[in-house]
Amino acid sequence: MSDPPSGQPAPDPPTPAPDPAPGAPTPTPGPAPDAPTPAPEAAAPAPAAPTSAGGVLRNRTLLAGIGGAALVGAVIGGLIVWALSDDGATTSSAAGNPQAAGQVAMCAAAPVANQVLPSVVTISARRGGQAGSGSGQIIRDGGYILTNDHVISLAANGGSVSVLYSDGHSSDAEIIGRDPSTDLAMLKAADASKGYPVIALGSSAALEVGDPVVALGAPLGLYSTVTSGIVSALDRYVPVPGDDVTHHLIGAIQTDAAINPGNSGGALVDCSGRLVGVNSAIATVPNSAGVSGGGSVGLGFSIPVDLAMPIADKLIETGQAGHPTTGLQVQELPPEMARASGTEPGLFVLAVEPGSPAVKAGLKPGDIITMIDGKPARSSEDIVVATLTRSAGDTLEITYLRSGVTATTTLTLAAS
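For the sequence shown, this note's numbering gives the first residue as 20, with consecutive numbering after it.
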């Protein structure tokens with residue numbers, strides 16, 4: 020993600036193009052060609068029972084529930100992407116993922132459910148007359164619960180949060196840390212005296228396409244719901260627009276386990292009941308009017324546990340993730356524009372922040388970044404991914420073009 024504009028201004032790009040809003044680069048799509056665009060909102064008072072919401076892609080649609088107050092979608096390659104917190108709407112639809120007998124080895128879901136459900140909670144967020152819900156899991160003794168940021172964002176300023184355990188016990192909870200960029204948040208339950216078990220941790224790096232998995236959460240307010248499926252793809256990049264920020268699901272696990280509104284923040288586990296992902300968004304097929312049906316079509320996306328846990332630890336310790344900065348503000352220079360200007364495609368440097376890592380690396384406004392760590396730089400999201408998956412002190416190898424001459428420099432990321 021480009022850092023807020025400051026410092027010396029850049030010369031004009033090779034051809035005119037609208038500048039991105041301050042502090043936010045021009046968004047570009049992840050794995051599919053169409054850029055995310057907002058989906059129609061649908062807000063409604065939540066019923067007493069917790070509920071949750073989901074996400075969609077255009078021609079396929081990714082679903083994302085924002086704070087329980089509304090649903091906001093991103094359109095990617097025909098799918099609509101939605102986050103999965105519930106806005107209290109009463110519409111429901113059946114969804115399933117039948118497998119041919121003997122086709123795929125599935126988990127024995129009953130023992131997994133018995134083991135994991137006591138560690139999974141339903142989360143209700145309220146502010147004023149608005150309410151919504153999602154899911155979460157206990158990751159540390161003392162009532163520390165990991166969930167999605169979009170599940171609790173409604174209650175972040177003057178609202179309230181409560182959690183419901185699988186045995187029917189409920190407790191108030193406090194938001195102790197948020198990271199909207201990666202769509203993760205940490206809660207601390209006020210009453211941790213009952214000693215609910217901490218969920219076992221697995222490794223998302225050990226997953227392979229075709230591995231069986233189980234999803235647990237509260238779709239449509241139906242708490243302690245268990246569905247199963249397989250890992251259908253790995254390492255997806257899924258941008259999901261929120262109210263004020265885009266949530267970046269990096270290296271996401273794609274699964275056909277049924278995930279619906281309300282599953283957001285809930286657990287994706289392996290056959291040993293170990294957490295491998297945090298369910299965050301789904302994709303559904305829109306109707307002829309471009310409106311999503313909102314239910315599962317077997318395309319769900321989970322944040323890998325190997326990315327989520329280091330961020331969760333930081334949120335517990337400091338209340339923030341502390342992602343590093345580059346000091347760059349860039350604008351994409353697509354191939355057709357580059358050809359017309361007689362240059363190479365890449366990221367056109369609009370501005371560099373004084374004293375920033377970009378300045379120390381020798382980068383200047385007007386440079387065209389063509390490679391980041393040996394990979395082509397074509398989207399401003401390449402910088403987002405680079406910063407969200409690294410820490411201050413880590414380095415990036417930047418290849419850039421200046422006045423027709425190619426050069427390479429090392430950029431050392433700094434604390435933001």
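From the three backbone atoms N, C-alpha and C, an ideal C-beta is built for every residue, glycine too.
Can you list, in chain order, the residues of its chain with a C-beta nearer than 8 Å to that of residue i? Leave out the 5 residues immediately preceding and following it.
| i | result |
| --- | --- |
| THR408 | ILE269, GLY270 and LEU326 |
| ALA209 | GLY162, SER190, ASP191, ALA192 and GLU193 |
| TYR256 | GLY49, PRO50, HIS267, LEU268, ILE269, GLY270, ALA271, GLU400 and VAL404 |
Candidates the options: which alpha carbon is nearest residue i's?
| i | options | result |
| --- | --- | --- |
| LEU220 | GLN156, ILE335 and SER422 | GLN156 |
| ASP364 | SER172, ALA252 and PRO353 | For clarity, residue 364 is Pro in the given sequence; the question names Asp instead. Here the closest residue by C-alpha is PRO353. |
| ALA434 | ASP413, THR362, ASP254 and GLY281 | ASP413 |
| LYS207 | ALA174, GLY161 and ASN298 | GLY161 |
| ASP401 | ILE322, GLY341, PRO260 and GLN348 | GLN348 |
| SER154 | VAL228, ASP191 and ILE171 | ILE171 |
| GLY423 | ALA357, GLY374, GLY151 and ASN298 | ALA357 |
| GLU372 | THR344, VAL250 and THR429 | THR344 |
| GLY281 | THR427, GLY292, ASN298 and GLY187 | ASN298 |
| SER14 | LEU294, ASP230, VAL182 and GLN273 | As displayed, the chain neither begins before 20 nor continues past 435, which places residue 14 out of reach and without an answer. |
| THR265 | ALA175, PRO305 and ASP198 | ASP198 |
| ALA252 | ASP263, GLY317, ALA377 and GLY374 | GLY317 |
| ASP289 | PHE367, GLY346 and VAL245 | VAL245 |
| HIS188 | ALA211, ALA174 and GLY177 | ALA211 |
| ALA286 | SER315, PRO323 and VAL378 | PRO323 |
| GLY240 | ILE142, PRO231, ASP254 and SER181 | ILE142 |
| LYS379 | THR431, ALA426 and ALA308 | THR431 |
| GLU498 | ARG145, PRO329, ALA237 and ASP254 | Any answer about residue 498 is impossible in this case: the structure gives the chain only from 20 up to 435. |
Spatial neighbours of residue i within its chain, please: C-beta separation below 7 Å, excluding the five flanking residues on both sides.
| i | result |
| --- | --- |
| GLY196 | ALA204, MET205, LEU334, ILE335, GLY338 and GLN339 |
| TYR184 | VAL140 and TYR215 |
| HIS342 | SER200, THR406, LEU407 and SER435 |
| ALA331 | ILE158, LEU165, LEU203 and MET205 |
| SER321 | ALA271, ILE272, THR274, LEU287, GLY296, VAL297, ASN298 and SER299 |
| ARG146 | LEU173, ALA174, GLY177 and GLY178 |
Who are the Cβ neighbours of residue i in its own chain at under 6 Å, not counting the five residues just before and after it?
| i | result |
| --- | --- |
| SER247 | MET125, CYS126, ALA128, VAL233 and ALA276 |
| SER243 | LEU136 and SER185 |
Take the Cβ of residue i as the centre, count every other Cβ of all protein chains shown within 10 Å, and call the residue buried at 16 or more, exposed below.
| i | result |
| --- | --- |
| ASN279 | buried |
| ILE417 | buried |
| THR389 | buried |
| ALA83 | The pLDDT assigned to ALA83 is 39, lower than 50, so where the model puts this residue is not dependable, and the model offers no usable value. |
| THR166 | buried |
| SER291 | exposed |
| HIS169 | buried |
| ALA237 | buried |
Exercise. Counting pairs of beta carbons, one from the segment 209–224 and one from the segment 137–156, are three or more of them closer than 8 Å?
Worked result: Contact holds: three or more Cβ-Cβ distances are below 8 Å.
For this session: Would you list, in sequence order, the uninterrupted beta strand (DSSP E) runs of no fewer than 3 residues that lie entirely inside the segment 238–264?
Result: 244–260
For this session: Could you tell me whether the segment 394–403 touches the segment 369–385, where touching means 3 or more Cβ pairs closer than 8 Å?
Result: no
Problem set entry | beta strand (DSSP E) segments (min. 3 residues) lying fully within the segment 176–204 | 179–183 and 189–198
Problem set entry | Every unbroken alpha helix (DSSP H) inside the segment 338–403 [4 residues or more] | 354–360 and 376–379
Problem set entry | Segments assigned beta strand (DSSP E), at least 3 residues, entirely inside the segment 133–177 | 139–146, 149–159 and 163–166
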